[in-house]
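>
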Amino acid sequence: MSRWSDETAMPSIDMRAADYVERRDSGNWTDKDEAELEGWLAENIAHRVSFLRLNSSWRRTERLAALRPPEDEEEVPRGPSSGGHYLKIAAVFGLLLGVGGFATVYLTTPRTETYSTPVGGREILTLKDGSRIELNTNTSVRVALSGKERAVTVEKGEVYFKVHHDASRPFVVKAQGHRVVDLGTEFSLRVERHDVKVALFDGRVRFDPDTQTNAKPKVMIPGEVLTASVDRVSVEKEPLQDLLASLAWRRGMLQFHNTTLAAAAAEFNRYNQTKIVLDDPKAGTETINGMLPINDLAEFAHVAKSLFGLRAENHGDEIVLTR
Amino acid sequence: MDRKSDFRSAVTAPFPGAAKGTAVSAVDDWFEREILPLEASLMQYLERNWRNPSDIPDFRQDIYVRIYEAAQKELPQHAGKFLLTTARNLLIDKAKQARIVPIEAAASLEDFDKAADVLGPERIAVARDELRHLQAALDRLPPRAREAIILRRIHGLTRGEIARRMGINEVSVSRYLSRAICALADVLHGEPSNIRRRP
Numbered sequence: 063m064s065r066w067s068d069e070t071a072m073p074s075i076d077m078r079a080a081d082y083v084e085r086r087d088s089g090n091w092t093d094k095d096e097a098e099l100e101g102w103l104a105e106n107i108a109h110r111v112s113f114l115r116l117n118s119s120w121r122r123t124e125r126l127a128a129l130r131p132p133e134d135e136e137e138v139p140r141g142p143s144s145g146g147h148y149l150k151i152a153a154v155f156g157l158l159l160g161v162g163g164f165a166t167v168y169l170t171t172p173r174t175e176t177y178s179t180p181v182g183g184r185e186i187l188t189l190k191d192g193s194r195i196e197l198n199t200n201t202s203v204r205v206a207l208s209g210k211e212r213a214v215t216v217e218k219g220e221v222y223f224k225v226h227h228d229a230s231r232p233f234v235v236k237a238q239g240h241r242v243v244d245l246g247t248e249f250s251l252r253v254e255r256h257d258v259k260v261a262l263f264d265g266r267v268r269f270d271p272d273t274q275t276n277a278k279p280k281v282m283i284p285g286e287v288l289t290a291s292v293d294r295v296s297v298e299k300e301p302l303q304d305l306l307a308s309l310a311w312r313r314g315m316l317q318f319h320n321t322t323l324a325a326a327a328a329e330f331n332r333y334n335q336t337k338i339v340l341d342d343p344k345a346g347t348e349t350i351n352g353m354l355p356i357n358d359l360a361e362f363a364h365v366a367k368s369l370f371g372l373r374a375e376n377h378g379d380e381i382v383l384t385r
Numbered sequence: 116m117d118r119k120s121d122f123r124s125a126v127t128a129p130f131p132g133a134a135k136g137t138a139v140s141a142v143d144d145w146f147e148r149e150i151l152p153l154e155a156s157l158m159q160y161l162e163r164n165w166r167n168p169s170d171i172p173d174f175r176q177d178i179y180v181r182i183y184e185a186a187q188k189e190l191p192q193h194a195g196k197f198l199l200t201t202a203r204n205l206l207i208d209k210a211k212q213a214r215i216v217p218i219e220a221a222a223s224l225e226d227f228d229k230a231a232d233v234l235g236p237e238r239i240a241v242a243r244d245e246l247r248h249l250q251a252a253l254d255r256l257p258p259r260a261r262e263a264i265i266l267r268r269i270h271g272l273t274r275g276e277i278a279r280r281m282g283i284n285e286v287s288v289s290r291y292l293s294r295a296i297c298a299l300a301d302v303l304h305g306e307p308s309n310i311r312r313r314p
């Protein structure tokens with residue numbers, strides 16, 4: 063677009079906001095810089111909207127890294143100072159710039175595409191028909207769209223679906239040989255080892271179990287949670303409120319309701335590279351209620367300390383909670 | 116870059132000031148979640164209804180300011196409709212100021228309704244399209260700006276390192292980076308071409 067070929071055409075507010083966005087994401091951003099930025103943002107709403115807009119797309123250039131097909135990783139040249147973090151970005155840009163002729167292959171491959179999120183990642187895919195696919199932490203899906211069918215295979219992790227129903231083009235979710243067929247609906251599906259758990263929030267789905275289970279297809283109604291293991295299928299009814307609480311991850315939160323500390327720690331560990339280790343078996347059975355930001359390990363440690371008197375020891379990639 | 120602090124800023128305090136008052140952070144969140152994804156539709160609308168393309172980036176900015184100001188008082192129920200109404204009012208104001216008879220803007224009520232209907236599905240983005248888009252955006256950048264942003268985003272170099280490598284001063288580096296960031300924002304938020312992609 064020609065808009066950017068002429069330097070003067072770009073409003074200087076954007077230039078200044080872009081400068082803040084970039085510097086704020088670099089290593090040497092100080093409290094003083096933050097204070098200066100806050101002052102600038104407070105000055106004028108035009109400053110704020112410009113900053114929000116540029117910051118959002120700047121983050122998206124990074125988030126693209128999470129969507130690269132995992133199998134491409136090894137093909138990517140390392141930049142001079144790249145850690146794992148930048149390696150992923152390099153993967154994306156490497157593709158962009160056609161390194162090794164990859165981009166061509168990958169953009170012309172018909173219609174099946176893999177999306178994955180790293181530990182702690184979250185990604186929303188919106189299809190043109192308005193359907194939403196939200197990937198939770200450490201999740202990988204393959205999406206195959208054709209004129210006849212919209213198929214999503216969940217290889218691992220947890221996914222929330224809000225499907226725009228189209229009888230002529232069914233939406234089918236596959237996991238571990240089982241199939242969930244949308245009949246106009248909102249549901250989530252989680253793969254944990256060989257188990258598949260489907261929670262239905264609205265509408266209807268039909269669950270077609272893997273043939274090995276010898277179970278019959280089951281039409282689910284809202285509030286039901288279905289668990290399919292290798293050889294059996296069971297359905298439980300849960301209060302809708304509890305079900306919705308289980309979707310707090312979509313807002314970047316974890317919600318606990320009479321959850322044991324051990325289970326809560328396990329939940330946190332799904333999202334964070336730094337793992338919580340409970341070094342006190344008795345405390346593990348204590349229960350907590352409430353909501354915490356998904357990545358706020360410090361807050362979790364603080365809760366454990368103030369409620370149960372546990373001490374947090376930081377061992378680099380582990381936080382050990384102990385008496 | 117420290118991975119943990121990165122997550123933290125993404126989840127608990129996405130923007131400066133956000134952590135301080137829930138009001139600010141709620142409006143920021145709403146703006147980012149509901150309004151920015153509609154930018155492609157907004158740009159299409161503006162381009163269809165205004166003759167001079169060089170005015171449009173400023174209009175977009177004015178519209179966002181009006182939206183944000185209104186949202187501070189109360190978050191609008193229907194972001195899409197609200198955005199388009201705001202856009203329409205702005206075009207009418209601009210047309211009056213320019214003493215143009217706002218034929219196109221005024222006659223386009225139907226367009227609005229149509230646009231409001233299609234906003235849902237236009238929230239695009241099987242994100243793969245973004246790659247194609249980013250590539251196009253990078254291609255269009257002036258070579259020096261492209262080089263600077265690649266060194267920054269791919270190789271993770273600091274401004275000082277980029278300056279040394281490119282043999283220019285840091286002020287120039289920051290200008291190149293800022294231009295690249297603005298251009299990428301235009302593509303990621305604004306360009307509707309991926310909606311029309313033929314399978």
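Those protein sequence lines, which keep their order, are chains A and B.
Under this note's numbering, the letters of the first sequence match residues 63 to 385, in that order.
Under this note's numbering, the letters of the second sequence match residues 116 to 314, in that order.
Glycine residues also receive a C-beta, built at the ideal position from the N, C-alpha and C atoms.
The structure presented is a predicted model; accordingly, all values stated were derived computationally and were not measured.
(1) Output yes or no for whether 9 Å exceeds the beta carbon distance between Leu100/B and Arg280/B.
(2) Do you know how far the Cα of His256/A is from the Cα of Ala328/A?
(3) For Ala229/A, name the three-state secondary structure that DSSP assigns.
(4) With a Cβ-Cβ cutoff of 9 Å, do Ser156/B and Leu205/B count as a contact?
(5) Output, in chain order, the set of chain B residues within a Cβ distance shorter than 7 Å of Ile107/A.
(6) Considering only residues of the same chain and omitting the five flanking positions on each side of Gly246/A, which have a CB-CB separation below 8 Å?
(7) Is the segment 313-320 of chain A touching the segment 277-287 of chain A, taking contact as three or more C-beta pairs under 8 Å?
(8) Taking only the alpha-carbon atoms, compute the straight-line gap between Glu147/B and Arg268/A and give it to the nearest angstrom.
(9) Using CA atoms only, rank isn't needed, just tell me which of Ile356/A, Lys337/A, Arg313/A and Pro232/A is closest to Tyr222/A.
(10) How many angstroms separate the CA atom of Asp170/B from the CA atom of Asn117/A?
(11) With which residues is Thr322/A paired in a DSSP beta bridge?
(12) Got a sec: does the ligand PLP put a non-hydrogen atom nearer than 8 Å to the Cβ of Lys299/A?
(13) Please state if the CB of Ala206/A and the CB of His240/A are separated by a distance shorter than 9 Å.
(14) Using alpha carbons as the reference points, say which of Val253/A, Arg212/A, Asn90/A and Gln274/A lies closest to Asp244/A.
(15) Look at Asn198/A and Glu220/A and say whether their C-beta atoms are less than 9 Å apart.
(16) Residues in its own chain within less than 6 Å of Tyr82/A by CB, not counting five upstream and five downstream?
(17) So the beta strand (DSSP E) His240/A belongs to, where does it begin and stop?
(18) Would Ala300/B and Ser119/A be called neighbours here (beta carbons separated by less than 9 Å)?
(19) Please classify Ser368/A: is it buried, with 16 or more other beta-carbons within 10 angstroms of its beta-carbon, or exposed?
(20) So, are the CB atoms of Ala210/B and Tyr160/B less than 9 Å apart?
(21) Report the residue from Ser208/A, Ala237/A and Val242/A whose alpha carbon sits nearest the alpha carbon of Lys190/A.
(22) Roughly how many whole angstroms lie between the Cα atoms of Arg121/A and Trp145/B?
(23) Taking the Cβ atom as the reference point for each residue, do Leu253/B and Arg259/B lie within a distance shorter than 9 Å?
According to the structure data:
(1) The requested residue 100/B is not part of the displayed model; chain B covers only 116 to 314.
(2) 18 Å
(3) DSSP places Ala229/A outside both helix and strand once states are collapsed to three, so it counts as coil.
(4) no
(5) In chain order: Val180, Tyr183 and Glu184.
(6) Val225, His227, Gly265 and Arg266
(7) no
(8) 35 Å
(9) Arg313/A
(10) Going from the Cα of Asp170/B to the Cα of Asn117/A covers about 23 Å.
(11) Thr349/A
(12) This structure lacks the ligand PLP; in fact it carries no ligand of any kind.
(13) no
(14) Considering only alpha carbons, the answer is Arg212/A.
(15) yes
(16) Leu99
(17) It spans His240 to Glu254 - the beta strand (DSSP E) in which His240/A sits, taken as one unbroken run.
(18) Yes.
(19) exposed
(20) no
(21) Nearest of Ser208/A, Ala237/A and Val242/A to Lys190/A, Cα basis: Ser208/A.
(22) 17 Å
(23) no
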